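Residue numbers (my numbering): 13 to 109.
In this text, a Cβ means the ideal position worked out from N, Cα and C, and glycines have one as well.
Predicted model only: the values in this text are computed from it and were never measured.
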């Protein structure tokens, strides 16, 4: 028999956030103030280095932005067409003649 108290919820895939702390603070697992150089690196007289963002996190390119703007315009036109159509009667019974 199956336990009825268990909840079957789909597992959400968590998105990995990019690291914003400097390399040394991440390695030492301490809080980084994200300055250049950060206060921890200044105190320890270490070189403060940050990883660059991966290309997948780079801002949208002009072509993809233009594609999105075009798609928004198409959707807005579809909404206008749908809202301009007369509404059908909501009564469930057919009309007798």
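Are the beta-carbon atoms belonging to residue i and residue j less than 8 angstroms from one another?
| i | j | result |
| --- | --- | --- |
| residue 58 | residue 36 | yes |
| residue 44 | residue 61 | no |
Reducing DSSP to helix, strand and coil, say where residue i ends up.
| i | result |
| --- | --- |
| residue 32 | coil |
| residue 63 | coil |
If you draw a straight line from the alpha carbon of residue i to that of residue j, how long is it in whole angstroms?
| i | j | result |
| --- | --- | --- |
| residue 85 | residue 91 | 10 angstroms |
| residue 77 | residue 56 | 44 angstroms |
| residue 82 | residue 41 | 45 angstroms |
| residue 98 | residue 80 | 30 angstroms |
| residue 96 | residue 87 | 14 angstroms |
| residue 26 | residue 50 | 29 angstroms |
So residue i packs on residue j, CB below 8 angstroms; how close in whole Å?
| i | j | result |
| --- | --- | --- |
| residue 38 | residue 31 | 6 angstroms |
**Asked** What alpha helix (DSSP H) runs, 4 residues minimum, are completely inside the segment 36-61?
**Response** 51-55
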